[in-house]
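Residue numbers for the sequence shown follow our numbering, so the first one is 2 and each next one is one higher.
This report concerns only the one structure given below.
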Amino acid sequence: MAATSNTPENVDTPRGFAFAMAAYLLWGFLPLYMKLLAHMPALEVVAHRVIWSVPIAGAVLIILRRTSDLIAALRNPRTLAMGCVTAALITVNWGIYVWSIANDRALDAALGYYINPLFSIALAACLLGERLSRLQWIAVALAAGAVAVLWADAGKLPWPALALTVSWGFYAFFKKSLPIGPNQGFLLEILILSVPATGYLVWLISSGQGHFMQNAYDTWLLLGCGVVTAVPLLFYANGAKLMRLSTIGIMQYIAPTMIFLVAVFVFDEPFGQARMIAFPMIWLALVVYSIPMLRDLLGERG
Numbered sequence: 002m003a004a005t006s007n008t009p010e011n012v013d014t015p016r017g018f019a020f021a022m023a024a025y026l027l028w029g030f031l032p033l034y035m036k037l038l039a040h041m042p043a044l045e046v047v048a049h050r051v052i053w054s055v056p057i058a059g060a061v062l063i064i065l066r067r068t069s070d071l072i073a074a075l076r077n078p079r080t081l082a083m084g085c086v087t088a089a090l091i092t093v094n095w096g097i098y099v100w101s102i103a104n105d106r107a108l109d110a111a112l113g114y115y116i117n118p119l120f121s122i123a124l125a126a127c128l129l130g131e132r133l134s135r136l137q138w139i140a141v142a143l144a145a146g147a148v149a150v151l152w153a154d155a156g157k158l159p160w161p162a163l164a165l166t167v168s169w170g171f172y173a174f175f176k177k178s179l180p181i182g183p184n185q186g187f188l189l190e191i192l193i194l195s196v197p198a199t200g201y202l203v204w205l206i207s208s209g210q211g212h213f214m215q216n217a218y219d220t221w222l223l224l225g226c227g228v229v230t231a232v233p234l235l236f237y238a239n240g241a242k243l244m245r246l247s248t249i250g251i252m253q254y255i256a257p258t259m260i261f262l263v264a265v266f267v268f269d270e271p272f273g274q275a276r277m278i279a280f281p282m283i284w285l286a287l288v289v290y291s292i293p294m295l296r297d298l299l300g301e302r303g
């Protein structure tokens, strides 16, 4: 699954495309699985996502023979501290996502992941001093306008969408500072999270409030949380290493588009007038944002 040393840099490979596409398709269908868990508290679902991801991520590292990197990270206080930060952020993101699907707010989840790349470039401008192009400023302004439309219509901010955007944006920002590979970093995060997750699940079971081992249906669904969590993340991590950044940038819209379609046509969530204005504004923003990437992509292939 790891890129080999003779893989050309900044080149799209068929294997990389397959990994990335599989990841985005799995993320796009994830709401269907999360909806089956809607009768359970979001925190319980997140705890099981953590616990059952550990053996999958651990097996990948063993196969790749990269466990020494993880051991070194666990012994390094700075790396461990950074791992705690990214682990906390991904927990918040997962929790809000699970809650959104369970509470018929999948459209907010789609909106959050659509806005995320625009938030990331704004974050880079604010925290890293990166200069944005005119097109990027236009895209950010359109996204802000879309949020304002939804805010004005509902009388309150679409907080699940914004919380998903901010938590994932800062997760990606701090993840870049984590001095280990993506597979090792993911296992480090869930190992850190497994301590509070195990404690919470033990308390749930002892107090009779947990769903695990109460019936076969719920038990298998919770066990499956590890697969639906770890597999797409590992696919993405390895696909990104074998693809150009511009290609990955264009492909990242696949998952929120699928979430949007599932929310409207499967979950039958209301798509009112405000969303009819806001979502096209977001789509236009993403087109504007993607123009330079498309130029690069077509120029290099031409």
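Glycine residues also receive a C-beta, built at the ideal position from the N, C-alpha and C atoms.
Across the set Pro159, Ala48, Asp154 and Leu295, the C-alpha of Asp154 shows the shortest separation from the C-alpha of glycine 273.
With a cutoff of 8 Å on beta-carbon distance, alanine 103 and alanine 21 are scored as not near each other. The criterion of a C-beta distance shorter than 8 Å is satisfied by alanine 24 and proline 233.
Taking glutamate 131 as the centre and dropping the five residues before and after it, the same chain places the C-beta of Ile122 and Ala125 closer than 8 Å to its C-beta, in chain order.
Within 10 angstroms of the beta-carbon of aspartate 269 lie fewer than 16 other beta-carbons, which makes it exposed.
Positions of the beta strand (DSSP E) runs, each at least 3 residues long and wholly inside the region 231–261, cannot be given because no such run exists. The region 184–200 makes no contact with the region 139–157: fewer than 3 CB pairs, one atom from each, lie closer than 8 Å. The distance from the Cβ of alanine 241 to that of leucine 165 is about 20 Å, inconsistent with a contact at the 8 Å cut-off. Secondary structure of glutamate 45 (DSSP, three-state): helix.
Sequence-distant Cβ neighbours of phenylalanine 171 in its own chain, meaning closer than 8 Å and more than five residues away, are Leu90 and Leu124. Bounds of the alpha helix (DSSP H) holding isoleucine 116 are 107–128. Taking 8 Å as the cut-off, the Cβ atoms of valine 289 and alanine 147 do not count as close. Cβ neighbours of leucine 223 within its own chain (closer than 6 Å, five residues either side excluded): His49 and Phe213.
Minimum Cα-Cα distance from leucine 179 among the listed residues Pro32, Leu295 and Ala73 corresponds to Ala73. At least 8 Å separates the beta-carbon of isoleucine 193 from that of glycine 96. In this structure, the straight-line span from the alpha carbon of alanine 107 to that of isoleucine 260 is close to 7 Å. Aspartate 70 sits in a helix when the DSSP states are folded into three classes. Under the three-state reduction of DSSP output, alanine 39 falls in the coil class, being neither helix nor strand. Scanning its chain for C-beta atoms nearer than 8 Å, with the 5 sequence neighbours on each side dropped, one finds around leucine 287 the residues Tyr115, Pro118, Leu119, Ala140 and Tyr254, in chain order. With respect to leucine 33, valine 263 sits close: the two C-beta atoms are nearer than 8 Å. Closest option to arginine 276, judged by alpha-carbon separation, among Thr248, Gly209 and Ala144: Ala144. Within the same chain, and ignoring the five residues on either side of tyrosine 98 in sequence, the residues whose Cβ sits closer than 7 Å to its Cβ are Ala110 and Leu165.
For glutamate 190, the enclosing alpha helix (DSSP H) begins and ends at 183–207.
Bounds of any alpha helix (DSSP H) do not take in arginine 132, whose DSSP letter is neither H nor E. DSSP places serine 178 outside any alpha helix (DSSP H), giving it a letter other than H or E.
When secondary structure is reduced to three states using DSSP, aspartate 13 falls in the coil class, being assigned neither helix nor strand.
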